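So the number in our numbering is just where the residue sits in the sequence shown, counting from 1, plus 565.
Don't be surprised by glycine CBs; every beta carbon is placed ideally from N, CA and C.
On a predicted model such as this, the values are computed, not experimentally measured, just so you know.
Remarks on the structure that follows.
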Amino acid sequence: MNAKETVNVHLTEHYAMHPSASVSGWYFSHHKSNYFSTGKINKDQIISLSKRKQMKITELEKWLSPILGYIP
Numbered sequence: 566m567n568a569k570e571t572v573n574v575h576l577t578e579h580y581a582m583h584p585s586a587s588v589s590g591w592y593f594s595h596h597k598s599n600y601f602s603t604g605k606i607n608k609d610q611i612i613s614l615s616k617r618k619q620m621k622i623t624e625l626e627k628w629l630s631p632i633l634g635y636i637p
């Protein structure tokens, strides 16, 4: 594909892409596949996750705010 010459992207000695903003991947599709969302999560799920991950509830609420099913 001559990626290094064409778009100036190459792999480092540890197989990381350089520049770091580069993206590549294998994409698989099926004609019956579709996207789905997880829906909103409730406070009891945040409490459970905070115990399992040993994280503060406020920190989880910050990172998961787009999918919270309640207002913190």
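Q) Taking the alpha helix (DSSP H) that I606 falls in, what are its first and last residues? A) Annotation for I606: no alpha helix (DSSP H) segment contains it, and DSSP assigns it neither H nor E.
Q) In or out: I611 buried (at least 16 other Cβ within 10 Å) or exposed? A) Classified as buried, I611 has 16 or more neighbouring CB atoms from the shown chains inside 10 Å of its CB.
**Q.** Whole-Å CB distance - L633 paired with E626, under 8 Å assumed
**A.** Sure, about 6 Å apart at Cβ, within 8 Å.
Q | L633 in three-state terms, based on DSSP | A | In the displayed model, L633 falls within a strand according to three-state DSSP.
Q: Could you work out which residue in K618, K597, K616 and H575 is closest to H588 when comparing CA atoms only?
A: Just to set this straight, residue 588 is Val in the shown sequence, not His. For the residues K618, K597, K616 and H575, the minimum Cα distance to V588 belongs to H575.
Q.
Taking DSSP's pairing of strands, which residues face H583 in a bridge?
A. According to DSSP, H583 bridges with H575.
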